[in-house]
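Undergrad: As they're listed, the protein sequences go chains Z and L. Here the first sequence is numbered in the working numbering, starting from 16 and rising by one per residue. Here the second sequence is numbered in the working numbering, starting from 7 and rising by one per residue.
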Amino acid sequence: MSLDDRVILETLEKLGKKVCDQILRGEPPRLEIPARTLANIVWDPGRRMLKLGSRRIRRDFLDMGEAKKFMQTMLMLSLIVRARREGDYPTIRDLYYAGKHTIEYVDERGRRRREETWESQRESDSVIQDIEVATGLLREHMGILHDTKGKIVGRIRVRSGGDVIDCSRMGDGAYSVPPNPDSLEVLEVDAEYVLVIEKDAIFNRLNKERFWEKNRCILITGKGQPDRSTRRMVRRLWEEFELPVYVLTDADPYGFYIYSVYRSGSISLGYESERLATPGARFLGLTVTDIYEYKIPRNFIIKARDRDLKRAKELMSYPWFRESREWMRQLKLFLERKEKVEIEALSGHGFKFLTRRYIPEKISARGWIE
Amino acid sequence: MREKYSQLSPSEFFYRNREVAGFSNPVRAVYQTVRELVENALDATEMYGLLPEVDIEVEVEEDNPSRIHVCVEDNGVGISPLEVPNVFGRVFYGSKYVLRQTRGVFGLGVKMAVLYAQLTTGQPVRVVTSTRKSRFIYEFEVMIDIERNMPVVRNLRVWGNDKAWHGTRVELVIRGNWYQARRRVEEYVRRTAMITPYATIRFRGPGSSLTFERSSTKLPRAPLIGKPHPKGVDVEMLRRMIESCDEETKLADFLSNNFDGVGPVTSRRFCEWAGFDSEVRVHELTVEELELLAARMQAYDGWRRPKPLTLSPLGEELLKRGVRSVLKPEFVTAVTRSPSSYAGHPFIVEVALAYGGDIPPSGEPLLFRFANRIPLLYDEGVDVAKKVVRRINWSVYKVKFPAPLAIVAHICSTKVPFKGVGKEAVADVPEVEKELESGLRVCARRLRRHLSRVERMMKLKRWEVTVMRYLDEVVDALSYVTGSDEKILRARMLELVRSRLSRRARVRA
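(1) Does Z:K66 come out as helix, strand or coil in the three-state DSSP assignment?
(2) For L:M499, return the contacting residues in chain Z, with the cut-off set at a CB-CB distance below 9 Å.
(3) So, L:A391 versus L:A415, is the Cβ gap smaller than 8 Å?
(4) Taking only beta-carbon positions, decide if L:V435 is within less than 8 Å of chain Z.
(5) Counting along the chain, where does the alpha helix (DSSP H) carrying L:S346 start and finish?
(6) Is L:W309 closer than 8 Å to L:P234 when the C-beta atoms are compared?
(7) In angstroms, rounded to a whole number, what distance separates the CA positions of Z:I378 and Z:V260?
(8) To the nearest angstrom, how far is it from the Cα of L:R227 to the Cα of L:L317?
(9) Tell me which same chain residues have a C-beta within less than 6 Å of the C-beta of L:S347, skipping the five on either side of it?
(10) Rounded to whole angstroms, what's the CA-CA distance from L:L88 to L:T135? Just pull it up for me.
(11) So with CB distances below 9 Å, who are the chain L contacts of Z:K83?
(12) Count the C-beta pairs between the segment 184-196 of chain Z and the segment 227-244 of chain Z that are closer than 8 Å, then say yes if the count reaches three, no if not.
(13) Suppose the cutoff is 7 Å on Cβ atoms and the five residues either side in sequence are ignored; what does the same chain contact list for Z:L92 look like?
(14) Check whether the segment 280-297 of chain Z and the segment 318-332 of chain Z are in contact - that is, three or more C-beta pairs closer than 8 Å.
(15) Does DSSP classify L:S136 as helix, strand or coil?
(16) Roughly how many whole angstroms lie between the Cα atoms of L:F265 and L:T272?
(17) Short of 7 Å Cβ to Cβ, which residues in the segment 481-493 of chain L face chain Z?
(18) Please determine, among L:G428, L:V64, L:L495 and L:G387, the residue with the shortest C-alpha to C-alpha distance to L:V195.
(19) Considering just the uninterrupted stretch of the alpha helix (DSSP H) at L:N461, what are its terminal residues?
(20) Just tell me which of L:G428, L:P371, L:R22 and L:V341 has its CA closest to the CA of L:L383.
(21) Interface residues of chain Z around L:E479 at Cβ under 8 Å?
(22) Give the residues of chain L in contact with Z:E123, contact being defined as C-beta atoms less than 7 Å apart.
(23) Secondary structure at Z:W335, three-state DSSP: helix, strand or coil?
(24) Comparing C-alpha positions only, which one of L:L216, L:L500, L:R302 and L:Q186 sits nearest to L:T198?
(25) Of all the CB atoms in chain L, is at least one closer than 8 Å to the CB of Z:M157?
(26) Around the C-beta of L:M464, are 16 or more other C-beta atoms found within 10 angstroms, so that it is buried, or is it exposed?
(27) According to the neighbour-count rule (16 or more other Cβ atoms, all chains shown, within 10 Å of its Cβ), is Z:F76 buried or exposed?
(28) According to DSSP, simplified to helix, strand and coil, what is L:G128?
(29) L:R506 CB to nearest chain Z CB: under 8 Å?
(30) Report the CB separation of L:T127 from L:R73 in whole angstroms; it is logged as a contact under 8 Å.
(31) Counting C-beta neighbours from all protein chains within 10 Å, is the total for L:V423 16 or more, i.e. buried, or is it exposed?
(32) 8 Å is my cut-off, CB to CB: does L:L502 come that close to chain Z?
(33) Does the Cβ-Cβ distance between L:L178 and L:A119 come in under 8 Å?
(34) Using a Cβ cut-off of 8 Å, pull out every chain L residue sitting near Z:V209, in sequence order please.
(35) When the Cβ atoms of the segment 144-162 of chain L are set against those of the segment 369-384 of chain Z, are three or more pairs found closer than 8 Å?
(36) Does DSSP put L:M156 in a helix, in a strand, or in coil?
What follows is the structure, given as C-alpha cells:
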C-alpha cells in the first residue's frame, strides 16, 4: 500500500513546477485546489462515506486577501519536499517550527512592522491539508508524523521497521498504532472480527481479561475521537482481511458520532475518507434501546444535558444518519427520554456482564446498527 | 432726564456702554485692545498697497500683574501729526466713515481702547508715528476729555527720521487679566495670520512668542470707495445725503448721482413706479415724503444688483496660502463665491477647507470664522457658518469623525449682518447662508475627490506592500522545489507586480 517515495516526491515537485511555469510564462501565479469548506463536504450514499465535493477554490498570489495563504502553501511545500529529499520524518509540529520565522517589512504608512510566517500551528496544519487535497497525497505518504493514540491488541502479527510484532504477546499493554499504518506489513491475522472500543479504560479491562483470546478477535481503541492512523488501521483490517468491524461506545450522541467517524469519515477531514473510512463498520452498542432492554439500574442513568440534545438534533440532520431508519429511531428515543448511559453502567449486572453476555449476545443476535 | 441724555457726548455715551464695544470684562478687554490696535495696523498698510509688518508686544507689570502694557507697531502710512489727537482722542472721527469694506466701521474701536486705558489705569495713549517721506517722527501722549469729546495732548516730542521709517506705534496701559486672555489673544493672532498671508505678524508676550512670516507678497485688490445701493437706504441716510446736495438738485438726478447702479433711465422708471415727481427738488421733500421714499426704494425690484467693487475678498490662492501656512494641512481647497447681495448690501463669501496634516482630529469640524478679514472668536455657536457646517452630512463626503477637518468661512461686505452688538457672530441671513452652503459643498466635493484618491492610492500601496512582503518567501520556496533560477523567478515576479501596479494606477488616475 505504501507509495513509492520517488513518486511522492515527483508529485510534490509537480505542484511547485506548475506554479513556477505560470510565473515564467508571465502569468499570475495561482493554485486551484478542491475546497475544504463544510459546504463542499458531501455524503456519497453509494459508497457510504463523506467525500469532497467538486467545488474548487482558486488561490491567487496577486490577490491581497490570499497572498499570505499562498506564501504559506509554497513555504510548506518546500519544507515537505526538503524532508522527502533528506529522508526526514517531521511531525506537523516540527513543520510548524521549521517554517515559522519573522518577516520584517515597511507598511503602506512607512511604519516598520514584523509578521510571522504563521501565527499558530492551526495555520500551518491548514496548508498541509491544502497540499494533501491539491496533490491527492495523504500526509502519511508525505512522511509527516503526528501524535497517535491508537492501541491494538489481539491475534495479529505485523512487521514494522524490520521488527516483527506479535500483538498477542503484549502482556497487559498493547501495541501502539504507528503514524503511518500503511508502513506496516501485516504478516498474519487469526481473528474473526475487530472490536473498536471508544474508551481506553474498557479496552484495558478487556485486554486484562484476554477477551481477544477467548473470542478470537482484535481489539482497537482510538481513545475517544479517533486519529487518522487508528482509523486507517481499522480500515485496512476491514478492507484487506474482510473482518467485520464492531464499534462499542457510550450511549450518547458523542459516542454515536465517534462511530460515524469510523464508518463514514469526519466533516473536518472529509477529503481523507477515501482512505480512512470503514463503510462496513457496525455499531454494536450501547444503543438507546439497550438502556431499557438491558434494564440498566435507574441510578446509573444520566440525565441528558442541553448540549447532548443539541448534538443529537445535529446528528439527525446528517444524511448518513437520516438514511438509517434504525438510527433515526434511536435518536428520537434519546430526545424523548433525555437519558444517556456509559458503557460502565453494564457493570450494574456484574463486572463480567459486558464480556460474557453483552458483546457475544449482541454479535450472535446480529443486534447491531449499520 | 431727557435733558441729561441729550447732553451726553459720544465719548461719554461709549464710556457708559463699553460692553457694547467688547470691553465688558478684564479678559475680554485685553483681547479687544490687541484686536483694535492690530486691525488699525493692518488697515494702515494693506489699504495703501504696503505689505504689512505688525509687531505686537504685551508686557505685564511685575509688581502689579493686572496692569498690562499693549504695544502694536506697523509699517503703514503713518498718521499726520495734525490728525493724531483727533484719531486717538475724539470719538466719531476717522477716515473709515465711507462706503467700502473695512475692518471697523467708525474708527471707534481704538478710541474705546484709549478710553478703557484711561478709565482703568489713568494712562494716556502713547503714539509714535511718521508718514511716508516725513523728515520727522512724532511722539504723542493723548488723553480724552470725556465730557467734551475733545483730545488732550499731554506730551509731544519730535525727532529726526534718519532711517526713512514710516508707520505707527501705539502703546496703551490697561487693567486686565493677561493669563486668562492669553490663549484668546494667541488664537486671534494665529487666525489673523491665516486671513492675511501677505502680512508678517510677530507676537511677544509673557510666556509666549509667535511669528508668522508672510507666505505671499501679493496683496488682495484694495476695495474701492462706492456709492450706497438704493435698497440699503434709510431715512436718516437720505436726509444726510440731501444736506450735502445742491439746493437745486432734482430727485431723478439725486438718485442717479448718489446711488450705486442707478442711471437716468432707472431713476426715472423708479420715480414713476414709486409715484414721485422726478423733477421735485430734494430739499423740498418733507420728512413724511422721505420716509415713503426710503420705503419705496427698499421695496423696488428694478434696481441693478449692487456692484462688488467696494469689496475686497482675499481670493482663493491667498486664502489657501494662509490656511496652509497656519494649519499645515495635507489638503486644502478654497472657493471665492461670486458677489451676491442682501437688502442692498453687496457681499462675497469665501470658504476654505483643510484636511489632515497638523490639524488635530476632532469630533466635529474646526471652524474658523472671519468677517472682512477680522477673526471672529466668540459666539461661534450662534453663527450662521456653524449652522451651515452642522447641517452638512459629512459622511457623504467620506469624512468619518473624529477627523482632522478645518473649515474657514470669510464674509466680505460693506455691511456684515452681525448678530447682536458684540460683532462676533454673523446672523443667518438667507442669502448669506445659501452662499456659505454652496461654497462649503464645492469644497467638500473636492475633499471627497481627494480622499477617494488617497484611499485608492493607499489600497494600491497596501496591495504592493502585501505582495512584496511575501514575494521572497514564494520565490525561495519555488526555486528550492523546482530548481529554477532564483534570480529569473524573482525578476519575473517583480515584472508581474509592476505591470499590475501600473495598470491599476492608470485605470484609477
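In this text, a Cβ means the ideal position worked out from N, Cα and C, and glycines have one as well.
TA: Reading off the structure:
(1) Residue numbering aside, residue 66 of chain Z sits at position 51 when the first sequence is read from its first letter. Here Z:K66 sits in strand by DSSP.
(2) For this step, residue 499 of chain L is matched to residue 493 along the second sequence. Ordered by position in chain Z, the residues that pass the 9 Å Cβ test against L:M499 are I38, P44 and F76.
(3) Translated into the one-based positions of the second sequence, residue 391 of chain L becomes position 385. Translated into the one-based positions of the second sequence, residue 415 of chain L becomes position 409. The answer is yes: Cβ separation under 8 Å.
(4) Translated into positions along the second sequence, residue 435 of chain L becomes position 429. Output row for L:V435: interface = no.
(5) Taking the first residue of the second sequence as 1, we reach residue 346 of chain L at position 340. Element bounds for L:S346: not the alpha helix (DSSP H) but the beta strand (DSSP E), S346 to Y348.
(6) In the second sequence, counting from the first residue as 1, residue 234 of chain L sits at position 228. In the second sequence, counting from the first residue as 1, residue 309 of chain L sits at position 303. Contact flag unset, no.
(7) Locating residue 378 of chain Z in the first sequence gives position 363, where the first residue counts as 1. Locating residue 260 of chain Z in the first sequence gives position 245, where the first residue counts as 1. Answer to the nearest angstrom: the Cα atoms are 11 Å apart.
(8) Against the second sequence, residue 227 of chain L aligns to sequence position 221. Against the second sequence, residue 317 of chain L aligns to sequence position 311. Each residue's Cα considered, the two are about 9 Å apart.
(9) In the second sequence, counting from the first residue as 1, residue 347 of chain L sits at position 341. Answer for L:S347: R311 and P312, listed in chain order.
(10) Taking the second sequence and counting its residues from 1, one reaches residue 88 of chain L at position 82. Taking the second sequence and counting its residues from 1, one reaches residue 135 of chain L at position 129. If you take the alpha carbons of L:L88 and L:T135, they lie about 11 Å apart.
(11) In the first sequence, the residue the question calls residue 83 of chain Z occupies position 68. Ordered by position in chain L, the residues that pass the 9 Å Cβ test against Z:K83 are T472, R475 and Y476.
(12) yes
(13) The residue you call residue 92 of chain Z lines up with position 77 of the first sequence. So the list reads L27, L30, G31 and I146, once near-sequence residues are dropped.
(14) Touching, no, given that fewer than three Cβ pairs across the two stretches are closer than 8 Å.
(15) Here residue 136 of chain L refers to the residue found at position 130 when the second sequence is read from its first residue. Reduced to three states, the DSSP call for L:S136 is strand.
(16) Start at 1 with the first residue of the second sequence, and residue 265 of chain L comes out as number 259. Start at 1 with the first residue of the second sequence, and residue 272 of chain L comes out as number 266. Roughly 11 Å between the two C-alpha positions.
(17) Within the segment 481-493 of chain L, the residues whose Cβ lies closer than 7 Å to any Cβ of chain Z are, in chain order, A483, L484, Y486, V487, T488 and S490.
(18) If you number the second sequence from 1, residue 195 of chain L lands on position 189. Taking only the C-alpha atoms, the option nearest L:V195 is L:V64.
(19) On the second sequence, residue 461 of chain L is found 455 positions in, with the first residue counted as 1. Reading off the sequence, residue 461 of chain L comes out as Glu, not Asn. First-last of the alpha helix (DSSP H) with L:E461: P436 to T488.
(20) For this step, residue 383 of chain L is matched to residue 377 along the second sequence. Checking every option, the nearest Cα to that of L:L383 belongs to L:G428.
(21) For the purposes of this step, residue 479 of chain L is taken as residue 473 along the second sequence, with counting starting at 1. The CB of L:E479 comes closer than 8 Å to the CB of M86, M89, L90, I118 and T132 in chain Z, given here in chain order.
(22) Within the first sequence, numbered from 1, the residue matching residue 123 of chain Z stands at position 108. By Cβ distance, chain L contributes M464, K467, R468 and V471.
(23) Taking the first residue of the first sequence as position 1, residue 335 of chain Z is located at position 320. Three-state DSSP puts Z:W335 in a helix.
(24) Against the second sequence, residue 198 of chain L aligns to sequence position 192. Selected option, being the one with the closest Cα: L:L216.
(25) The residue given as residue 157 of chain Z occupies position 142 in the first sequence. No - not a single Cβ of chain L is within 8 Å of the one on Z:M157.
(26) On the second sequence, residue 464 of chain L is found 458 positions in, with the first residue counted as 1. Exposed, by the Cβ-count rule.
(27) On the first sequence, position 61 is the one that residue 76 of chain Z refers to. The residue is buried, with at least 16 neighbouring Cβ atoms inside 10 Å.
(28) Reading the second sequence from its first residue, position 122 is the one you call residue 128 of chain L. DSSP places L:G128 outside both helix and strand once states are collapsed to three, so it counts as coil.
(29) Here residue 506 of chain L refers to the residue found at position 500 when the second sequence is read from its first residue. For L:R506, the answer is yes, since a Cβ of chain Z falls inside 8 Å of its Cβ.
(30) If you number the second sequence from 1, residue 127 of chain L lands on position 121. If you number the second sequence from 1, residue 73 of chain L lands on position 67. That belief holds up - the Cβ atoms of L:T127 and L:R73 are roughly 6 Å apart, short of 8 Å.
(31) Translated into positions along the second sequence, residue 423 of chain L becomes position 417. As written in the sequence, residue 423 of chain L is Pro, which differs from the Val given in the question. It counts as buried.
(32) As a working mapping, residue 502 of chain L is identified with position 496 in the second sequence. Answer yes: the Cβ-Cβ gap between L:L502 and chain Z drops below 8 Å somewhere.
(33) Here residue 178 of chain L refers to the residue found at position 172 when the second sequence is read from its first residue. Here residue 119 of chain L refers to the residue found at position 113 when the second sequence is read from its first residue. Cβ distance < 8 Å, so L:L178 and L:A119 count as in contact.
(34) Along the first sequence, one-based indexing puts residue 209 of chain Z at 194. None at all; the shortest Cβ gap to chain L is about 40 Å.
(35) no
(36) In the second sequence, counting from the first residue as 1, residue 156 of chain L sits at position 150. Three-state result, L:M156: strand.
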